[in-house]
């Protein structure tokens, strides 16, 4: 009973307080909150407000997609780590909807595909991401796997790997998908200011990424002409990423 009551309280906070705080739908926190509300309303249909909450959360997720994604598919904060996070927060509700015969718009689905395109290109040959802005050089093999499961064969040039957190989605059964062989070696994302090129999609490829943007929204830095270079698969000249996550003088210096 306490657990269920906690869910109901959580739903009330998300449904009534969040829109007042996040009236622009720009922040990735609002996206996460609407994902949570969507999950609660779909997984607990017995609640009287579930249908209304589900429709509201779906509407707000679609709104977040329009507001938070640039025309070239890059998240508005232009920060790879947060871009990958937002892919999951947008895509997981879509998959839950598919299982429960709920349809998101084609515009929403195409937005996730565009986001995935950037996620593919920003990966270095060694599979870490170039850590522009408030990012770290993590690997996101589970994201590439996830996209393959959603969009099928050719969704990415990487095979990817499942994570334990995905087993609830497919009941432990995954479809086998083939990797793409026709991804471009040169990609430009003009709205976000990224140009990325590589010699091949092999692990020993040459790789060059440049970011030229004056955007300092959220987790962005003013990083005109910042570059990240890999030679024969190994990072050679690296974008340093974030120095300090806290609101300290050093972080303000990096962002400036």
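Numbering (the working numbering), first residue to last: 3 to 258.
Note that the Cβ used here is the ideal one computed from N, Cα and C, for glycine as well.
{"Asked": "Whole-angstrom distance between residue 96 and residue 114, CA atom to CA atom", "Found": "10 angstroms"}
{"Asked": "Simplified DSSP assignment, three categories, for residue 210", "Found": "strand"}
{"Asked": "For residue 152: DSSP bridge partner residues", "Found": "Partner(s): none; residue 152 has no beta bridge."}
{"Asked": "Distance between beta carbons of residue 222 and residue 81, contact taken as under 8 angstroms", "Found": "6 angstroms"}
{"Asked": "Residues bridged to residue 239 [DSSP beta-bridge criterion]", "Found": "231"}
{"Asked": "Proximal residues to residue 161 (C-beta, below 6 angstroms), its chain only, five neighbours per side dropped", "Found": "181"}
{"Asked": "Test item: CB-CB of residue 35 and residue 63 under 7 angstroms", "Found": "no"}
{"Asked": "For residue 15: DSSP bridge partner residues", "Found": "Note: residue 15 sits in no beta bridge, so no partner."}
{"Asked": "Environment of residue 230 [buried if 16+ CB atoms lie within 10 Å]", "Found": "buried"}
{"Asked": "Rounded separation between residue 128 and residue 200 - CA only", "Found": "12 angstroms"}
{"Asked": "Between the CA atoms of residue 134 and residue 61 - distance to the nearest angstrom", "Found": "31 angstroms"}
{"Asked": "Three-state class that DSSP yields for residue 37 in the structure shown", "Found": "helix"}
{"Asked": "Simplified DSSP assignment, three categories, for residue 198", "Found": "strand"}
{"Asked": "Cβ pair count under 8 angstroms reaching 3, the stretch 38-57 against the stretch 4-23", "Found": "yes"}
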